[in-house]
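Undergrad:
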Amino acid sequence: MNVSKAFAIGITTIGFILFVLSQFLDSLSPHAWYLAIGSFIALSFVPNSRLIRVGFAAVALPIFIFFFTEFVSRTDVGNKSIDLTEDNRYTLSEGTRAILTELKDPVTINYYVTRDVDGTPSAYKRHIPRVDSFLRQVEGLANDKNITLNFIDPEPNTDEEDAALLDQVQQIPVTQDDKFLFGASISSLDKKTVIPFFAPSQETQLEFQLISAIAEVSRRETPVVGLISAHNLASGGQTNRGWLFYQLLQRSYDVANLGMMPIEALRTEYERRKWGDAPDYLDPEKIKVLLVIHPAGITPQTEFILDQYILRGGTVIACVDPLSLVAQQSGRPQIPGMPPQGGTPPSSSLPKLFKKHNIGFKESQVVIDRIYAPSNNPRILLLNEESMTAKDDISLSEIKNLAFLMSGGFTGENGKPMGPGLEVRKLVESSYKYTFVTDQTLNSPDAANQLRFALGSRREGNEKQTYVALLSGTFTTAFPEGDPSAKEGSDENETEEDEKEKTTAEAEALTTGIKAGNLYLFSDSDFLYDGMAYNARRMFNTQVVEPITNNGAFMFNILDQAVGSEHLVGARARAEVYRPFTVLKELEAESERKSKENLDKLQAKEERIEKEFQQIRSQMSSAQEAQMSPELQAKRDEYIKNKVQIQKDRREEKKAHQGRVDLLKANIFWSNILYMPLGVIVIGLFVFVWRKQQTKAR
Numbered sequence: 025m026n027v028s029k030a031f032a033i034g035i036t037t038i039g040f041i042l043f044v045l046s047q048f049l050d051s052l053s054p055h056a057w058y059l060a061i062g063s064f065i066a067l068s069f070v071p072n073s074r075l076i077r078v079g080f081a082a083v084a085l086p087i088f089i090f091f092f093t094e095f096v097s098r099t100d101v102g103n104k105s106i107d108l109t110e111d112n113r114y115t116l117s118e119g120t121r122a123i124l125t126e127l128k129d130p131v132t133i134n135y136y137v138t139r140d141v142d143g144t145p146s147a148y149k150r151h152i153p154r155v156d157s158f159l160r161q162v163e164g165l166a167n168d169k170n171i172t173l174n175f176i177d178p179e180p181n182t183d184e185e186d187a188a189l190l191d192q193v194q195q196i197p198v199t200q201d202d203k204f205l206f207g208a209s210i211s212s213l214d215k216k217t218v219i220p221f222f223a224p225s226q227e228t229q230l231e232f233q234l235i236s237a238i239a240e241v242s243r244r245e246t247p248v249v250g251l252i253s254a255h256n257l258a259s260g261g262q263t264n265r266g267w268l269f270y271q272l273l274q275r276s277y278d279v280a281n282l283g284m285m286p287i288e289a290l291r292t293e294y295e296r297r298k299w300g301d302a303p304d305y306l307d308p309e310k311i312k313v314l315l316v317i318h319p320a321g322i323t324p325q326t327e328f329i330l331d332q333y334i335l336r337g338g339t340v341i342a343c344v345d346p347l348s349l350v351a352q353q354s355g356r357p358q359i360p361g362m363p364p365q366g367g368t369p370p371s372s373s374l375p376k377l378f379k380k381h382n383i384g385f386k387e388s389q390v391v392i393d394r395i396y397a398p399s400n401n402p403r404i405l406l407l408n409e410e411s412m413t414a415k416d417d418i419s420l421s422e423i424k425n426l427a428f429l430m431s432g433g434f435t436g437e438n439g440k441p442m443g444p445g446l447e448v449r450k451l452v453e454s455s456y457k458y459t460f461v462t463d464q465t466l467n468s469p470d471a472a473n474q475l476r477f478a479l480g481s482r483r484e485g486n487e488k489q490t491y492v493a494l495l496s497g498t499f500t501t502a503f504p505e506g507d508p509s510a511k512e513g514s515d516e517n518e519t520e521e522d523e524k525e526k527t528t529a530e531a532e533a534l535t536t537g538i539k540a541g542n543l544y545l546f547s548d549s550d551f552l553y554d555g556m557a558y559n560a561r562r563m564f565n566t567q568v569v570e571p572i573t574n575n576g577a578f579m580f581n582i583l584d585q586a587v588g589s590e591h592l593v594g595a596r597a598r599a600e601v602y603r604p605f606t607v608l609k610e611l612e613a614e615s616e617r618k619s620k621e622n623l624d625k626l627q628a629k630e631e632r633i634e635k636e637f638q639q640i641r642s643q644m645s646s647a648q649e650a651q652m653s654p655e656l657q658a659k660r661d662e663y664i665k666n667k668v669q670i671q672k673d674r675r676e677e678k679k680a681h682q683g684r685v686d687l688l689k690a691n692i693f694w695s696n697i698l699y700m701p702l703g704v705i706v707i708g709l710f711v712f713v714w715r716k717q718q719t720k721a722r
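If you read the sequence shown in the numbering used here, its first letter stands for residue 25, the second for the next number, and so on.
#1: Keeping to the same chain, check which residues put their C-beta closer than 7 angstroms to that of Asp-331; ignore five residues upstream and five downstream.
#2: As an exercise, report each continuous beta strand (DSSP E) stretch of at least 3 residues that is fully enclosed by the stretch 229-264, in chain order.
#3: So, do the stretch 308-316 and the stretch 234-252 have three or more beta carbon pairs nearer to each other than 8 angstroms?
#4: Put Val-1 into one of helix, strand or coil per three-state DSSP.
#5: Asp-168 by DSSP, collapsed to three states: which one?
#6: Since Ile-133 and Leu-173 should fall inside the 8 angstroms C-beta cutoff, what is the C-beta to C-beta distance between them, to a whole number of angstroms?
#7: I believe Ser-619 touches Glu-677 by the beta-carbon criterion, under 8 angstroms. Please report the beta-carbon distance rounded to the nearest angstrom.
#8: In chain order, what residues of the same chain lie with their CB nearer than 6 angstroms to the CB of Thr-339, ignoring the 5 residues before and after it?
#9: Among Val-448, Phe-222 and Glu-422, which residue has its Cα nearest to the Cα of Thr-115?
#10: Tell me the DSSP secondary structure of Gln-389 in three-state form.
#11: If I follow the unbroken beta strand (DSSP E) through Ala-342, where does it start and stop?
#12: For Val-569, which residues in the same chain have their Cβ closer than 6 angstroms to its Cβ, ignoring the five residues on either side in sequence?
#13: Measure the Cβ-Cβ separation of Phe-578 and Gln-489 and say whether it is below 8 angstroms.
#14: Are there three or more Cβ pairs, one per stretch, closer than 8 angstroms when the stretch 433-453 is compared with the stretch 368-375?
#15: What is the DSSP secondary structure of Leu-495, reduced to helix, strand or coil?
#16: Figure out for me which residue from Tyr-553, Lys-298 and Asp-686 has the closest Cα to the Cα of Phe-428.
#17: For Lys-450, I'd like the list of residues in its chain whose CB is within less than 7 angstroms of its CB, leaving aside the five on either flank, ordered along the chain.
#18: Would Thr-144 pass as a contact of Phe-221 if the rule is Cβ separation under 8 angstroms?
#19: For Pro-324, which three-state DSSP category applies?
#20: Could you give the distance in angstroms between the alpha-carbon of Leu-495 and the alpha-carbon of Phe-580?
#21: Can you give me the Cβ contacts of Ile-664 inside the same chain, cut-off strictly under 6 angstroms, excluding the 5 residues immediately before and after it?
#22: For Ser-157 versus Gln-325, is the C-beta distance shorter than 8 angstroms?
#23: Tell me which same chain residues have a C-beta within less than 6 angstroms of the C-beta of Phe-712, skipping the five on either side of it?
#24: With Tyr-148 and Phe-206 assumed to form a contact (beta carbons below 8 angstroms), what rounded beta-carbon distance in angstroms separates them?
#25: Helix, strand or coil for Ser-212 per DSSP?
#26: Determine the burial state of Thr-138: buried for a count of at least 16 other Cβ atoms within 10 Å of its Cβ, exposed for fewer.
#27: Who does Thr-500 pair with in a DSSP beta bridge?
#28: Flag this pair as touching only if the stretch 185-199 and the stretch 163-171 have three or more C-beta atom pairs under 8 angstroms; answer yes or no.
#29: Determine, for Asn-264, whether the minimum Cβ-Cβ distance to residues of chain C falls below 8 angstroms.
#30: So is Val-704 buried or exposed if we call it buried at 16+ other beta carbons inside 10 Å?
#31: With distance defined between alpha-carbon atoms, name the residue in Val-391, Ile-418 and Ile-383 nearest to Glu-437.
#32: Going by other Cβ atoms of all chains shown within 10 Å of its Cβ, with 16 needed for buried, is Gly-432 buried or exposed?
#33: Measuring only the C-alpha atoms, how far is Lys-298 from Arg-291?
#34: Looking only at its own chain, which residues have a Cβ that is under 8 angstroms from the Cβ of Asn-486, when we skip the five neighbours before and after it?
#35: So, is Met-285 buried or exposed, given that buried needs 16 or more other C-beta atoms within 10 angstroms?
#36: Can you give me the start and stop residues for the beta strand (DSSP E) that Thr-459 sits inside?
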């Protein structure tokens, strides 16, 4: 059997198999394979002619490619993909798969997309297949086929369009007369939520948008999160409707606003949720986690409540701050020219708890980190994965970047580690090249130069500052004498019964944890504020909240973990990745250190000759200065000459430093451009020489 017959028979066999499969698969049309089968059967009987074989191959190959492409595009094979991104951006997270496989109640997804509208923006045209494919993936992974996916094309003036508008899917104008629908409603039993539209700019959040909506409608009980803060998170922010983080927190959890006096607010929260009579302590069984944001002016009584909550096995997430920008803004007058308002104190801490657990935190002292601070704004810390030392911690799953503003740092006191007797995990740490500055330095007119020179004079140490830490285990109380409120003395009008109640409460105060507790520590509180965690913008009369860092995702990961709902961990963290030039920063720091040493020498020399000249001038009166001796005149001229030379040397040193930095950047730039072409050329020359030698050897 010649080659042409074998090839033709093989192709015919494939065509016949596909024809048989088409009888069972709706995605394969049987008519599409008639021509292939008939053509290949006829061509299999060609004579043994080289010209015919070449012609046969020229015709058969494109026909085979055409029908193979049809097969791929008409079946699920075309939906298969390989994720080659560094962070597996287009691969479903394990948490997403867990949510889908654990679904118990049926979920219906009505997916509305207008597919035939002239003038649809190209960004949406590219995004539609991505959403189509993702929704099919979700449907296929659902447990017991509990997800019903309805693809709906809402053409104008149809019942489908009315249904989309009833589901509050947003209309997107594309021309003066035409509108475009691209959103979904997700429902389960009596719960329903909607994604008004799928914005191409939020492609990285597609998985979280949909999976969080499915989790929301399928969840039968919403965990309660307690909030203690000196800020009013429910107001202000970019939208004047509360912090964007707070708005998202309310969507995911039942938030109990406890203010700065939790026990007083607790009765109201118990009544609202019909939990019965409120106790005089926070119960971890009711309030799953306590989120403490900038507890400025916290009282010993409130700290005692936090202490007892941890001893009962609760989780406290404490975000303290040496210098809160939000607090500073709260003291500014609403109307320019008016006197400043009282506002919130800018510094916050947990003094009793920190002292008990040997946690050092410098109030009003801000960390400036040479490696993680951008050169144009050293107040900010742009933290990447290198700063995240506990990479195996689930709370850091998919977290790529964090941004802190005027952050402090935690460390052990008196040469001893933090949290004696507890397990301490340092989740995010500084580099070794950092220093502390005060609020006076930060608020000075020459702050930028002062910060730069403060960093330049810093010598590398052997200890890092901790930005985020977790203390866990069996805690002991920071209040061995009991409730501080019971020690304030009794009122003259206090009855004997009230006194007994105080004594009973004091006796019931725990001194050792009855369950393992957790204390998360954040050295900044502004990192959750608008502009640091999220941004809001209006799109087609709808507010779109976009993550700009992984700040919010990191906090939600911890909250999800604390309430026992870890499945969303990882999915929400997919935002733009910040990639700082760490190597370049280190080289710049080394160059700046050398420059600083030379400038310091010039400064010392200038001060020395200035001092010598002042001594000469102090010995002369104004009359003597007018009739100066040649010797003194020579010294004065020498002084002026030296001073001019020092100023010139200072300028030259600054130019040299900038030249070294520019040269570093240029070397890195050209290296990145030329490495690959040069590598290809070298390999090509090597192959050329090797093949030439092989040819000569033959």
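Ideal placement from N, C-alpha and C gives every residue a C-beta, glycine not left out. Bear in mind the structure is a predicted one, so any value in this text is a computation, not a measurement.
TA: Well, looking at it:
#1: Counted from its first residue, the sequence shown places residue 331 at position 307. So the qualifying residues of the chain are Leu-377, Thr-501, Ala-502 and Phe-503.
#2: List check, beta strand (DSSP E) in window: 248-253.
#3: Between the stretch 308-316 and the stretch 234-252 there are three or more inter-stretch CB-CB distances shorter than 8 angstroms, so the stretches are counted as touching.
#4: Not covered by the structure: residue 1. The range shown for the chain is 25 to 722.
#5: As a working note, residue 168 is residue 144 in the sequence shown. It is helical.
#6: Here residue 133 corresponds to residue number 109 of the sequence shown, with the count starting at 1. Here residue 173 corresponds to residue number 149 of the sequence shown, with the count starting at 1. Your pair Ile-133 and Leu-173 checks out as a contact, with CB atoms roughly 5 angstroms apart and the cut at 8 angstroms.
#7: The residue you call residue 619 lines up with position 595 of the sequence shown. The residue you call residue 677 lines up with position 653 of the sequence shown. The pair is a contact, with the Cβ atoms about 6 angstroms apart (cut-off 8 angstroms).
#8: Residue numbering aside, residue 339 sits at position 315 when the sequence shown is read from its first letter. Hits under 6 angstroms: Val-313, Asn-542 and Ala-586.
#9: Taking the sequence shown and counting its residues from 1, the one referred to as residue 115 is at position 91. Ranking the options by Cα distance to Thr-115, first place goes to Glu-422.
#10: Position 365 of the sequence shown, counted from the start, is the residue given in the question as residue 389. Strand at Gln-389.
#11: Taking the first residue of the sequence shown as 1, we reach residue 342 at position 318. Note, Ala-342: beta strand (DSSP E), 339-343.
#12: In the sequence shown, counting from the first residue as 1, residue 569 sits at position 545. These residues qualify, in order along the chain: Leu-268, Tyr-558 and Ala-560.
#13: Indexing the sequence shown from 1 puts residue 578 at position 554. Indexing the sequence shown from 1 puts residue 489 at position 465. It is not a contact, given that the beta carbons lie outside the stated cut-off.
#14: Flag = no, the stretch 433-453 and the stretch 368-375 do not touch.
#15: Taking the first residue of the sequence shown as position 1, residue 495 is located at position 471. Correct three-state label for Leu-495: strand.
#16: Counting from 1 along the sequence shown, the entry for residue 428 is found at position 404. Selected option, being the one with the closest Cα: Tyr-553.
#17: In the sequence shown, residue 450 corresponds to position 426, counting from 1. Cβ neighbours of Lys-450 beyond the five flanking positions: Thr-413, Ala-414, Thr-490 and Ala-493.
#18: For the purposes of this step, residue 144 is taken as residue 120 along the sequence shown, with counting starting at 1. For the purposes of this step, residue 221 is taken as residue 197 along the sequence shown, with counting starting at 1. Taking 8 angstroms as the cut-off, the beta carbon of Thr-144 is found no closer than this to the beta carbon of Phe-221.
#19: Along the sequence shown, one-based indexing puts residue 324 at 300. Three-state result, Pro-324: helix.
#20: As a position in the sequence shown, residue 495 is number 471, starting the count at 1. As a position in the sequence shown, residue 580 is number 556, starting the count at 1. Straight-line spacing of the CA atoms in Leu-495 and Phe-580 works out to 18 angstroms.
#21: For this step, residue 664 is matched to residue 640 along the sequence shown. The answer is none, since no qualifying residue turns up.
#22: Within the sequence shown, residue 157 is the residue found at index 133, counting from 1. Within the sequence shown, residue 325 is the residue found at index 301, counting from 1. No, Cβ-Cβ distance for Ser-157 and Gln-325 is not below 8 angstroms.
#23: Locating residue 712 in the sequence shown gives position 688, where the first residue counts as 1. Around Phe-712, the same chain offers no residue with a beta carbon nearer than 6 angstroms, after the five sequence neighbours per side are excluded.
#24: Here residue 148 is taken as the residue at index 124 of the sequence shown, counted from 1. Here residue 206 is taken as the residue at index 182 of the sequence shown, counted from 1. That pair is a contact at about 6 angstroms.
#25: In the sequence shown, residue 212 corresponds to position 188, counting from 1. Looking at Ser-212 - three-state DSSP - the assignment turns out to be strand.
#26: Translated into positions along the sequence shown, residue 138 becomes position 114. Burial call: buried.
#27: Numbered from its first residue, the sequence shown carries residue 500 at position 476. Answer is Thr-536, bridged to Thr-500.
#28: Contact fails: fewer than three Cβ-Cβ distances are below 8 angstroms.
#29: Absent from the structure: chain C. Only one protein chain is present.
#30: Along the sequence shown, one-based indexing puts residue 704 at 680. Val-704 comes out exposed.
#31: Translated into positions along the sequence shown, residue 437 becomes position 413. Scanning Val-391, Ile-418 and Ile-383 for the CA closest to the CA of Glu-437 turns up Ile-383.
#32: Here the question's residue 432 lines up with position 408 in the sequence shown. A residue is called buried when at least 16 other Cβ atoms come within 10 angstroms of its Cβ; Gly-432 meets this threshold and is buried.
#33: Position 274 of the sequence shown holds residue 298. Position 267 of the sequence shown holds residue 291. So the alpha carbons of these two residues sit roughly 10 angstroms apart.
#34: Locating residue 486 in the sequence shown gives position 462, counting from the first residue. A distance below 8 angstroms between beta-carbons, with the five flanking residues on each side excluded, links Asn-486 to the following residues of its chain, in chain order: Tyr-456.
#35: The sequence position of residue 285 within the sequence shown is 261, counting from 1. Label assigned to Met-285: exposed.
#36: As a first step, residue 459 is located in the sequence shown; it is residue number 435 there, counting from the start. Start and end: 458-462.
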